[in-house]
Structures are given as structure tokens and as C-alpha cells.
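Numbering (numbering that gives the first Met the number 0), first residue to last: 0 to 622.
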Amino acid sequence: MSFFDELKRRNVFRVAIAYVVATWLVLQITDVLIGILELPPWTGRLVFLILVVGFPVSLILAWAFELTPGGIKKESEVDRSRSVTGDTGRKLDFVIIAVLLIALGWFAWDKFAPGRETAQAQANTFEAIAPAGGLGSLIKERSVAVLPFVAMSSGPDDEYFADGLTEEILNALAQLPELLVTARTSAFSFKGQDLPIQEIASALGVRHVVEGSVRRSGDRLRVTAQLIRADDGFHLWSENFDSTSADAIAVQENIAVSVASALDVVLDEDKREAMRAAGIRDVEAFTLFQKGYEYYGRAHGEIDMIEGLKIANQYFDKVLERAPDYARAYVLHSDLYLHILSDDAVFVTNDSVTAEDIADAYPAAIADYEAAIRHAPTDEERVMAELDLAFVSGNWRGMTGRLEQALAVDGCRQWSNWLTTIADVFGYAEELRIRAKRLLACDPRRALGWFNLARATFIAGHTEEALRHAREGVAAAPGGWLYLAYVRALTANGLADEAHEVVRTLVQKREDRLMMEAMIAAHAGDRTTIAGNLDELLALNGAGNFYVPLLYAWSGDRDAINAHAARMDAHTLGSVALLQVAHWCQCGAPWDLDFTPKLRAMLDEASLPWPPPEPMKFPLKTW
0 MSFFDELKRR
10 NVFRVAIAYV
20 VATWLVLQIT
30 DVLIGILELP
40 PWTGRLVFLI
50 LVVGFPVSLI
60 LAWAFELTPG
70 GIKKESEVDR
80 SRSVTGDTGR
90 KLDFVIIAVL
100 LIALGWFAWD
110 KFAPGRETAQ
120 AQANTFEAIA
130 PAGGLGSLIK
140 ERSVAVLPFV
150 AMSSGPDDEY
160 FADGLTEEIL
170 NALAQLPELL
180 VTARTSAFSF
190 KGQDLPIQEI
200 ASALGVRHVV
210 EGSVRRSGDR
220 LRVTAQLIRA
230 DDGFHLWSEN
240 FDSTSADAIA
250 VQENIAVSVA
260 SALDVVLDED
270 KREAMRAAGI
280 RDVEAFTLFQ
290 KGYEYYGRAH
300 GEIDMIEGLK
310 IANQYFDKVL
320 ERAPDYARAY
330 VLHSDLYLHI
340 LSDDAVFVTN
350 DSVTAEDIAD
360 AYPAAIADYE
370 AAIRHAPTDE
380 ERVMAELDLA
390 FVSGNWRGMT
400 GRLEQALAVD
410 GCRQWSNWLT
420 TIADVFGYAE
430 ELRIRAKRLL
440 ACDPRRALGW
450 FNLARATFIA
460 GHTEEALRHA
470 REGVAAAPGG
480 WLYLAYVRAL
490 TANGLADEAH
500 EVVRTLVQKR
510 EDRLMMEAMI
520 AAHAGDRTTI
530 AGNLDELLAL
540 NGAGNFYVPL
550 LYAWSGDRDA
560 INAHAARMDA
570 HTLGSVALLQ
580 VAHWCQCGAP
590 WDLDFTPKLR
600 AMLDEASLPW
610 PPPEPMKFPL
620 KTW
């Protein structure tokens with residue numbers, strides 16, 4: 000008899016199959032018990048290790064011993080003519096079939112029982128989010144947040160270096176369509192907070208978390224990273240990397256690839272190339288980018304806008320010297336020039352802005368957008384940059400097609416500065432509402448995301464739902480313009496007293512409070528309050544305040560808004576600024592289109608609809 004035949008006779012193959020199937024079932028049961036009994040995270044690893052060690056032992060026992068009617072005996076002591084291995088084999092067949100049936104039943108229950116949607120269904124069902132659960136309740140099976148790596152050393156740039164390494168990993172993973180990756184804003188909102196992984200994962204709506212640390216000493220670099228399953232704290236992967244700072248890009252790539260592999264993503268060469276193309280791939284450049292991004296963020300609410308963006312651009316200039324093909328830096332770099340032009344278009348004066356700055360701003364913004372298009376690493380980012388360039392440059396012909404193409408872009412990244420304005424004004428608020436939900440599933444702690452969702456929902460005519468989203472947003476990510484969406488939704492739903500309380504207790508800037516109180520008053524037809532707030536706004540800033548034309552329209556001062564709009568229409572960026580006014584007014588046509596001939600010609604040439612939607616009624620405005 001051959002060795003193979005002898006293995007079959009002694010039922011070694013049957014024992015191996017039965018052991019493997021039973022092992023899978025035991026591991027599934029262990030996984031459930033760890034969560035129910037709150038066992039330590041290493042319990043699963045211990046059970047797995049024991050089962051792995053037991054596998055060769057079971058095969059050795061099957062070979063060396065035989066189960067006889069008289070008990071277990073050494074195979075060498077059993078008379079072959081009296082052997083019952085055939086009967087034992089048939090019994091093992093029944094055991095294997097029984098265990099397989101149990102395993103299949105377990106699998107079917109886990110995947111198809113009510114409430115246990117498949118990962119793909121979870122990823123696509125953005126409209127099915129339970130109202131009480133909020134958008135953060137959408138959890139995809141392969142969802143992951145990359146938390147800011149902790150800088151364990153205290154060199155002058157070590158924290159920026161750690162942030163840059165984190166973002167490079169995050170951007171690489173975000174290129175994989177199989178993964179739902181939390182965006183930077185939400186992931187970095189937990190920086191410096193010593194919170195349990197389960198709490199962070201629940202807030203971000205993910206099943207997995209990547210965390211780690213970075214230590215630099217001279218040129219030496221040590222990076223520790225681990226991928227953690229949030230519900231039980233189980234470490235799916237962890238590794239230490241010792242190298243030099245110059246090799247940080249290779250370390251980042253290794254971490255991203257290891258995380259993807261641990262989450263069962265099959266990486267072909269196209270996906271690997273997309274992951275590589277997503278980052279800066281220059282250690283000094285990604286450190287400088289973090290410094291610039293810090294000032295970019297502070298400029299949007301913490302320090303003077305123009306001064307902060309000027310400092311940010313000094314860093315972005317250095318980034319682009321080292322990484323001239325980094326598209327995202329061009330998009331952020333353009334923001335300074337667009338704010339200079341927008342302020343000038345609504346007559347805001349700034350001592351730090353010269354006539355030369357204003358003259359140079361338009362060509363600089365156009366050049367940035369053209370570079371962003373030229374170097375866009377993906378078709379999706381190119382589509383967004385092309386939409387922005389067409390809007391800012393006044394090339395609106397074909398805008399509807401560009402807009403629909405941009406709204407159809409899938410994924411979690413929102414690179415367009417102007418998509419929300421264009422979509423809301425030109426009748427695509429419903430499509431934008433769906434997209435905003437999708438983006439918030441990736442970035443649930445971004446106040447601007449909640450603002451965009453609540454505003455698009457409101458403009459689309461879902462007034463009560465807009466209020467629900469605004470409340471959820473204020474609870475999840477309070478701040479910024481989100482309070483305006485909250486106050487507007489409260490007012491439209493007949494909750495003016497609560498709206499006044501929100502303005503009084505949450506809104507910090509005096510100009511913002513004056514505008515929001517005027518909006519509440521305009522909805523009630525209170526001309527006196529609007530007039531008083533308008534006088535105060537004019538006293539603070541003269542006509543150089545974006546809110547002034549809103550109050551003209553809400554109060555029904557047709558002559559004033561028409562004159563104001565006519566002055567804006569003559570500016571280089573006048574059409575863009577006028578659409579911003581219409582977007583924020585949400586009052587239909589804020590002015591008579593005959594007073595803005597430049598804008599009218601652009602609308603006619605592009606066959607774009609006018610007037611914009613009017614989701615909120617202002618009884619003093621009679622046109």
C-alpha cells in the first residue's frame with residue numbers, strides 16, 4: 000500500500016478537513032463571546048494560536064492511533080483484519096457534514112439575517128440612514144480612520160512631520176474604492192485626545208482604526224503602527240519600522256499597503272500606483288504642507304483671513320518648489336486670490352491688500368486652477384478643478400454638463416470650492432443633498448459638511464429634514480456657518496424664539512448676529528429690526544460687507560439691491576460674487592436681472608435657469 004493510500008486508510012485526511020472546519024467555527028464563536036463577555040482583546044489571538052498548534056498534533060494522533068471498539072489503541076497494535084477505520088471514516092464524514100451545515104448556517108445568519116446588511120449595501124444606502132441615528136451610524140465593513148500619529152520626540156518640526164506621515168497614509172488608503180476612509184478633518188479632530196478607540200470609532204462611524212507613533216533622533220526614524228478592530232480592540236496588524244527620515248515615504252507606503260492587505264483588499268499594480276500618486280512623496284514637502292495647512296485652517300475663523308492665507312501661501316510656495324505636481328497645493332494656494340477678489344467685489348477694504356494685490360489676484364487664481372487640472376492625479380479631481388476654473392473664469396457654456404459630471408463623482412473627497420454654490424443656485428439642490436450625505440459618511444465631524452447638507456436639504460424643499468440635519472450637525476461638529484443653517488431652519492419651521500436663543504448663545508461675531516437676527520425679522524415682516532441692523536452693519540463696515548445686499552433684498556428695498564448688484568456686476572469676479580449673494584439669500588431673485596447685464600449675458604449664453612429657488616418666504620420682498 001502506498002503512503003498516500005495509508006493516509007486515507009487511517010483517516011488522516013478526514014481528520015484534517017474536520018479540524019479546519021471546526022477551527023473556523025470555533026473562531027467565529029470566540030469572536031462573538033469576546034464582545035459579549037468583554038474578554039481581553041488577546042483572547043482571540045490565544046485561541047487561534049492554540050488551534051494552530053493543535054492541527055499537526057491532531058494529524059499525528061490520527062496517524063499513530065486508532066479508535067477501536069475496545070478504546071483507543073496504537074495503530075501498530077491493531078490487527079489489520081479487525082480494523083474498523085472504514086466505520087470510523089464514515090462517522091467522521093457525518094461529523095464533517097454536520098459541522099459544515101452549522102458553519103453554513105452561521106454564515107447565512109451573519110450575512111443575511113434582518114438588519115445585517117452586506118458591506119456593499121451599507122456603502123451605497125446613504126438614503127436609508129435612520130433619522131435618529133444620524134449620518135455617523137452608517138458603518139461600512141471595510142471602514143477605517145487613520146488617527147494622527149503621536150510625535151514621541153520634540154524636535155521643531157516633529158509634530159508636523161508626524162501629521163504629514165499620517166495624511167500621506169490616509170490619502171493613499173482613500174484611493175481604494177473597497178475602503179471607506181475617514182477624511183482628515185474628522186480624523187484629526189481627535190488629535191491630542193486620550194479617548195477609548197471604541198468611542199472614537201463610534202463617533203467617526205468606522206469599524207477599524209489605524210494609530211501609531213513617530214520618534215526621530217537626528218536622522219534616525221522609528222515608526223510604530225497598528226490596525227485595530229474597534230468593537231473588540233483586536234490588533235489585526237502591527238509593526239515597527241526603523242529607518243532614516245529620508246526613507247519615510249517607503250515606510251508610509253508599507254503601512255498603507257499592510258493596512259489594505261489586513262482588510263482583505265486585493266492590490267494590483269493599478270491600485271498601488273494610485274496609492275503612490277495620491278501623496279507628495281517628498282518628506283520636506285509634506286512637512287511644509289502641514290505648516291501651510293495649519294495657517295490655512297486658522298485663516299478660516301481664527302485669525303485675519305487675508306493675513307493667514309498669505310502666510311499659508313508662503314509655505315505652499317515652498318511645497319510647490321519641491322513638488323510642482325502636487326495638485327491639492329494649487330487648489331489651496333488659489334484661495335488667497337479668490338478671497339481678495341471676492342472682498343473687492345463686495346467693496347470690502349483691507350489695509351493689508353494693495354491695488355497690486357488685487358490686479359494680480361485674478362491671473363494668479365486662474366494659473367493655480369490650470370495647474371491643478373494639469374497635475375490632477377485622478378479623473379475625479381480633474382473634473383472638480385475644471386468646474387471651478389470654468390466658473391471663476393466666466394466660461395459658463397456647458398456648465399450644466401460639468402455640474403452633472405461633478406455631482407456624479409463618487410468617493411469621499413470634496414475638492415471643489417464652488418460646487419455647492421453652482422448646484423444650489425441652478426436647481427441641483429436635491430442631487431447635492433444626496434452627495435452631501437455621502438461626504439458626511441466619510442467626514443462626520445466637519446461643520447462645513449453639515450452646513451452644506453442642511454442648506455442643500457433646505458433649498459431642495461425638505462424644511463423639517465433640514466432642521467434635523469442642522470441639529471445633528473451642531474451636536475457633532477458645532478461652529479462656523481452651520482449656525483446660520485440652524486437658525487434658518489428653526490425660523491422656517493416656526494421656531495423663531497429658539498432661533499433667537501441660538502443667535503444669542505452660540506454666534507460670536509457681531510456681524511453674523513446682526514445678519515441672522517435680520518433674517519428672522521424679515522421672515523416675520525419686521526422692517527424696523529432689519530433697518531436697525533442694516534444701519535449698524537453699514538456703520539461697522541460701510542457698504543463693504545457681504546451681508547448688506549442680503550438685508551437689502553430681505554427688507555424689500557428694491558432700488559438699493561439693484562444699485563448694489565449693478566456695481567458688483569462690473570467687477571472682474573462680479574458674476575461669481577453675485578451668485579454667492581443669491582446662494583445665501585435663498586429668496587429667489589434678489590435683484591432685477593436687467594441691472595446685471597454681464598451676469599445676464601452669461602446666463603443666457605450657458606442656458607442656465609434663473610431665478611434661483613426660493614425655499615424661504617420674506618413677505619417684505621414683493622418681486
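No residue lacks a Cβ here, since even glycine has one placed at the ideal position from N, Cα and C. Since this is a predicted model, take the numbers as computed values, not measurements.
Contacting residues, own chain, Cβ-Cβ under 8 Å from residue i (five flanking each side not counted)
i: residue 569; result: 597
i: residue 490; result: 498, 518, 519, 522 and 615
i: residue 425; result: 398, 399, 402, 607, 608 and 611
i: residue 131; result: The predicted model places residue 131 with a pLDDT of 34, which falls under 50 and marks its position as unreliable, so this point remains unresolved.
i: residue 112; result: Bear in mind that the predicted position of residue 112 carries a pLDDT of just 48, short of 50, making it unreliable; the figure below should be weighed with that in mind. There are no such residues.
i: residue 206; result: 138, 139, 140, 141, 142, 143, 200, 228, 229 and 230
i: residue 46; result: 25, 26 and 29
i: residue 119; result: For residue 119, the pLDDT reaches just 35, beneath the cut-off of 50, and the residue's location in the model is therefore unreliable, although a value from the coordinates is still provided. Cβ neighbours of residue 119 beyond the five flanking positions: none.
i: residue 365; result: 388, 391 and 392
i: residue 532; result: 513, 514, 516, 517, 520 and 550
i: residue 197; result: 229, 230 and 232
Cβ separation of residue i and residue j, assumed to be a contact under 8 Å, to the nearest whole Å
i: residue 285; j: residue 167; result: 6 Å
i: residue 431; j: residue 455; result: 4 Å
i: residue 328; j: residue 288; result: 7 Å
i: residue 14; j: residue 98; result: With 8 Å as the limit, residue 14 and residue 98 do not qualify as a contact, their Cβ atoms being about 12 Å apart.
i: residue 395; j: residue 601; result: 5 Å
i: residue 333; j: residue 294; result: Wrong, their Cβ atoms sit about 15 Å apart, outside the cutoff.
i: residue 208; j: residue 164; result: About 16 Å; that fails the 8 Å criterion.
i: residue 248; j: residue 280; result: 5 Å
i: residue 371; j: residue 354; result: About 27 Å; that fails the 8 Å criterion.
i: residue 344; j: residue 573; result: 6 Å
i: residue 177; j: residue 264; result: 5 Å
i: residue 420; j: residue 585; result: Not quite, the Cβ-Cβ distance comes to about 12 Å (not below 8 Å), so this is no contact.
Three-state secondary structure (DSSP) of residue i
i: residue 43; result: helix
i: residue 281; result: coil
i: residue 227; result: strand
i: residue 165; result: helix
i: residue 92; result: helix
i: residue 234; result: strand
i: residue 144; result: strand
i: residue 157; result: helix
i: residue 332; result: helix
i: residue 321; result: helix
i: residue 207; result: strand
i: residue 594; result: helix
i: residue 7; result: helix
i: residue 620; result: coil
i: residue 450; result: helix
i: residue 64; result: strand
i: residue 257; result: helix
i: residue 419; result: helix
i: residue 302; result: coil
i: residue 525; result: coil
i: residue 19; result: helix
Opposing strand residues paired with residue i [DSSP bridges]
i: residue 214; result: 221
i: residue 240; result: 222
i: residue 150; result: 213
i: residue 180; result: 143
i: residue 73; result: 64
Contacting residues, own chain, Cβ-Cβ under 7 Å from residue i (five flanking each side not counted)
i: residue 18; result: 54 and 57
i: residue 352; result: 305 and 339
i: residue 506; result: 482, 512 and 515
i: residue 429; result: 459
i: residue 405; result: 382, 383, 386, 415 and 418
i: residue 410; result: 379
Cβ shell of residue i (< 6 Å), same chain only, five flanking positions each side left out
i: residue 599; result: 592
i: residue 446; result: 476, 478, 479 and 481
i: residue 322; result: 279, 281 and 284
i: residue 173; result: 180
i: residue 590; result: 560, 561 and 564
i: residue 149; result: 212
i: residue 318; result: 284, 287, 288 and 328
Any non-hydrogen atom of the ligand GTP within 7 Å of residue i CB
i: residue 55; result: With respect to small molecules bound, the structure shown includes none, and the ligand GTP cannot be examined in it.
Which complete alpha helix (DSSP H) runs does the region 342-412 hold, if anything under 4 residues is left out? 354-373, 378-392 and 398-406
Unbroken stretches of the alpha helix (DSSP H), 4 residues or longer, contained in the region 529-578: 546-553 and 557-568
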